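Under the numbering used here, the first residue of the sequence shown carries the number 54, and numbering increases by one thereafter.
Cβ atoms here follow ideal geometry from the backbone N, Cα and C, with glycine treated the same way.
Remember, it's a predicted structure, so these values are computed and weren't measured experimentally.
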Amino acid sequence: MSSSPLVDRFQRAITYLRLSVIDRCDLRCTYCMPERQTFLPKAEVLSLEELHRLSLGFMARGVRKIRLTGGEPLVRRDMVDLVRALGRHIGDGLDELTLTTNATQLALHADAIAAAGVRRVNISLDTLDRARFARIARRDALPAVLEGIAAAREAGLAVKINTVALKGENQDELSELITWAHGHGFEITLIEVMPLGAVDGDRFDHYLPLSRVRKDLERRWTLLPDAHRSGGPARYVRVAETGGRLGFITPLTSNFCDGCNRVRVTATGQLFACLGGREQVDLRAALRSGDPEAALDHALDQAMAIKPEKHHFTIDRPGAAPALARHMSMTGG
Ligand code: SAM
Ligand code: SF4
Numbered sequence: 054m055s056s057s058p059l060v061d062r063f064q065r066a067i068t069y070l071r072l073s074v075i076d077r078c079d080l081r082c083t084y085c086m087p088e089r090q091t092f093l094p095k096a097e098v099l100s101l102e103e104l105h106r107l108s109l110g111f112m113a114r115g116v117r118k119i120r121l122t123g124g125e126p127l128v129r130r131d132m133v134d135l136v137r138a139l140g141r142h143i144g145d146g147l148d149e150l151t152l153t154t155n156a157t158q159l160a161l162h163a164d165a166i167a168a169a170g171v172r173r174v175n176i177s178l179d180t181l182d183r184a185r186f187a188r189i190a191r192r193d194a195l196p197a198v199l200e201g202i203a204a205a206r207e208a209g210l211a212v213k214i215n216t217v218a219l220k221g222e223n224q225d226e227l228s229e230l231i232t233w234a235h236g237h238g239f240e241i242t243l244i245e246v247m248p249l250g251a252v253d254g255d256r257f258d259h260y261l262p263l264s265r266v267r268k269d270l271e272r273r274w275t276l277l278p279d280a281h282r283s284g285g286p287a288r289y290v291r292v293a294e295t296g297g298r299l300g301f302i303t304p305l306t307s308n309f310c311d312g313c314n315r316v317r318v319t320a321t322g323q324l325f326a327c328l329g330g331r332e333q334v335d336l337r338a339a340l341r342s343g344d345p346e347a348a349l350d351h352a353l354d355q356a357m358a359i360k361p362e363k364h365h366f367t368i369d370r371p372g373a374a375p376a377l378a379r380h381m382s383m384t385g386g
């Protein structure tokens, strides 16, 4: 493979891969997918060996951080094997290997994941109320999630909580979630709901601009500037009263695409150059071609040539169609 770094037309170096290992999930979060979601036939999903080879291809081109995501990554049976295989490259081509999970199965796997070299996990948690959780995720799984979070902590994994802010759903609980997360020593990041894929309700009903949330939080707390950057779109403050860090991901109210350092690959090997765009390159075809290394190199160059400057999605009126047909569970967020 070529060793030339991945740099797009806007001179952004791409050093971060978000790799979805499966589109399936054991939850059905209302803002993410409909109850009757259609999943891909298993045969279309990349094998563990292909996911590994693909990751090596990205690393050869300068990717230093890989986040495994889904769907729910831990629903994939050989997921821990993949974590182990990639974990061997930490310190030797890879700076960091992380995971985004709903934590329903984390209690089973936290020790193995930590032993494989993972240091941090992002865990999605939108409420601490069991009935509300069952309503948002359409599954009564809060006890399993809390067990998973405790197991991660015991295994020595740093935990970051991700919470989608939902009007009329968890809006009144965001302060409590922040207090809870900081009380456990976790960072927490609030996320605006994005118009990706059709869901059963109208996203407009739940869209809550974080600019409004921030104003509400400032009535209760002192939010101090925090220059911390995770290399992603989150912007941070420090909550004086708790001492903890709070992030805001605001794709709708404030666009941070100019610093984008990432691409996303679905479980079938489709590279999406932007979370909010249609620009796409087929890496599975490259991997399965006669000369996979050359084909992958060419495909990655193509991806750099088509990566858009920014996304254009909005949620500005009731009843609008999703900006993209693709659900977040395909690209892994
Ligand atoms: N299942 C795992 C989880 O929930 O953490 C990983 C995949 S999930 C698609 C990744 C993140 O995307 C989660 O934090 C989830 O809350 C978020 N998400 C899903 N759909 C979203 C949407 N339409 N807008 C904003 N965030 C969304
Ligand atoms: Fe599953 Fe994550 Fe989507 Fe919820 S947000 S349905 S846990 S993929």
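For the ligand SF4, which residues have a Cβ under 7 Å from at least one heavy atom, in chain order?
C78, L80, R81, C82, C85, M86, G123, G124, E125, N155, S177, A190, M381 and S382
Proximal residues to Y260 (C-beta, below 8 Å), its chain only, five neighbours per side dropped:
K220, E245, V246, L305 and I368
Report, in whole angstroms, the separation of the C-beta atoms of A326 and P361, which I expect to be a contact under 8 Å.
7 Å
Could you give the residue range of the alpha helix (DSSP H) that holds A348?
P345 to I359
Give the straight-line distance between the Cα atoms of M54 and L181, rounded to the nearest whole angstrom.
47 Å
By DSSP, does F63 sit in helix, in strand, or in coil?
coil
Is it buried or exposed, Q64, if we count other Cβ atoms within 10 angstroms and call 16 or more buried?
exposed
What's the C-alpha gap between S264 and V290?
13 Å
Cβ of I143 within 6 Å of any heavy atom in the ligand SAM?
no
Kindly identify the DSSP beta-bridge partner or partners of Y84.
Its beta-bridge partners do not exist; DSSP assigns none.
Considering only residues of the same chain and omitting the five flanking positions on each side of R298, which have a CB-CB separation below 7 Å?
E240, D279, H281, Y289 and R291
Please confirm whether L127 and T91 have their CB atoms less than 7 Å apart.
no
Residue range of the alpha helix (DSSP H) that F186 falls in?
R183 to A190
Beta-carbon proximity list for L121, same chain, < 6 Å, skipping 5 on both sides
L72, V74 and L152
Residues near Q333 in its chain [Cβ-Cβ closer than 6 Å; skip 5 each side]
Q323 and F325
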